[in-house]
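Chemist: Please read through the structure below; I'll follow up with questions.
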């Protein structure tokens, strides 16, 4: 790497670019073993100085796409919590911040819905009623 290309501060754009290159490099290794790899985002640990890339490696589904157990579990359980399968990965706004729905954990009866805050991908737990209310509020004109 030349000094002209050296990164001195990890911006969101730089983290995205580095992770994309890492994902591409790992695809061949996963493919050699009959697996698929996908990015699951990244989070900034020390803003500007370090980040943690996240990848999911899985056995491919029959259609060749990555198998996403969180999405499958969400589709099975969503109706029980007043949500729809299509709500997986939907965005919502709570307290002026943007979140994305990432799953359901039935072992947490009070806060079963998993979400991540979009800017930093930090995980949070919400009540099902709160998520349903926030999603309905978003749809209103």
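In our numbering, the protein residues as written are 6 to 146. All C-beta atoms, glycine included, are put in the ideal place defined by N, C-alpha and C.
(1) I need the straight-line Cα distance from residue 14 to residue 87, nearest angstrom please.
(2) Under DSSP, the alpha helix (DSSP H) around residue 77 begins and ends at which residues?
(3) Give the secondary structure of residue 70 by DSSP, where H, G and I count as helix, E and B as strand, and everything else as coil.
(4) Can you tell me where the beta strand (DSSP E) with residue 115 in it begins and where it stops?
(5) Check whether the segment 60–73 and the segment 38–48 are in contact - that is, three or more C-beta pairs closer than 8 Å.
(6) Return the residue from the list 16, 98 and 129 that minimises the CA-CA distance to residue 54.
(7) Just to confirm, are residue 18 and residue 12 a CB contact at a threshold of 8 Å?
(8) Can you tell me whether DSSP reads residue 28 as helix, strand or coil?
(9) Determine the extent of the beta strand (DSSP E) in which residue 59 is found, giving its start and end residues.
(10) Taking only three categories from DSSP, how would you classify residue 15?
(11) For residue 102 and residue 37, I'd like the C-alpha separation in whole angstroms.
(12) Quick one: measure Cβ to Cβ for residue 107 and residue 84, integer angstroms, because I've assumed they're closer than 8 Å.
Modeler: Reading it off the structure:
(1) Reading the chain shown from its first residue, position 9 is the one you call residue 14. Reading the chain shown from its first residue, position 82 is the one you call residue 87. Answer to the nearest angstrom: the Cα atoms are 43 Å apart.
(2) Walking along the chain shown from the start, residue 77 turns up at place 72. Residues 74–82.
(3) Position 65 of the chain shown, counting from 1, holds the residue named residue 70. If DSSP states are grouped into helix, strand and coil, residue 70 belongs with coil.
(4) Position 110 of the chain shown holds residue 115. First-last for residue 115: undefined, no H or E at that position.
(5) Flag = yes, the segment 60–73 and the segment 38–48 touch.
(6) By one-based count along the chain shown, residue 54 stands at place 49. Here the closest residue by C-alpha is 16.
(7) Within the chain shown, residue 18 is the residue found at index 13, counting from 1. Within the chain shown, residue 12 is the residue found at index 7, counting from 1. Cβ distance not < 8 Å, so residue 18 and residue 12 don't count as in contact.
(8) Along the chain shown, one-based indexing puts residue 28 at 23. Under the three-state reduction of DSSP, residue 28 is assigned to helix.
(9) Walking along the chain shown from the start, residue 59 turns up at place 54. From DSSP, the beta strand (DSSP E) with residue 59 extends over 55–63.
(10) The residue you call residue 15 lines up with position 10 of the chain shown. DSSP places residue 15 in strand when its eight states are reduced to three.
(11) Indexing the chain shown from 1 puts residue 102 at position 97. Indexing the chain shown from 1 puts residue 37 at position 32. Approximately 41 Å between the Cα atoms of the pair.
(12) On the chain shown, position 102 is the one that residue 107 refers to. On the chain shown, position 79 is the one that residue 84 refers to. With a beta-carbon spacing of about 18 Å, residue 107 and residue 84 fall beyond the 8 Å limit used to define contacts.
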